[in-house]
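Report on one structure; see the data block that follows.
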């Protein structure tokens with residue numbers, strides 16, 4: 063199938079250059095990657111990579127846990143449920 067359409071995207075030049083260098087080690091160009099990614103999206107009807115980026119609430123919860131805040135300690139499931147009021 064001939065490639066005769068164009069896609070334009072605005073991107074940070076440093077990111078583009080770093081990605082281009084990595085792709086070059088694989089024998090690929092940025093255009094090659096774009097074609098591959100779009101073909102995969104069209105075929106699989108989903109993103110070609112993990113899209114499980116945490117939302118704001120999840121990020122806040124992770125940060126609190128890393129600081130040791132709002133951590134529940136329980137000796138068993140029954141004790142945890144009691145502490146949580148469920």
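Numbering (the numbering used here), first residue to last: 63 to 148.
The beta carbon of each residue, even a glycine, is placed where N, CA and C say it ideally should be.
Note that the structure is a prediction, hence the values are computed from the model and not measured.
Inter-residue CB distance, residue i and residue j (contact presumed, cutoff 8 Å)
{"i": "residue 92", "j": "residue 81", "result": "7 Å"}
{"i": "residue 65", "j": "residue 102", "result": "Contact doesn't hold; Cβ gap of about 16 Å is too wide."}
Cβ-based neighbour list, residue i, same chain, cut-off 7 Å, excluding 5 preceding and 5 following
{"i": "residue 124", "result": "116"}
{"i": "residue 126", "result": "132"}
{"i": "residue 69", "result": "96"}
Same chain only: Cβ atoms within 8 Å of residue i, ignoring 5 sequence neighbours per side
{"i": "residue 78", "result": "92"}
{"i": "residue 146", "result": "134"}
{"i": "residue 109", "result": "103"}
Distance cut-off 7 Å: residue i Cβ against heavy atoms of the ligand COA
{"i": "residue 96", "result": "The model depicted lacks the ligand COA and carries no ligand whatsoever."}
Chain B contact for residue i (CB, 8 Å cutoff)
{"i": "residue 81", "result": "Structure shown: chain B not included; a single protein chain is present."}
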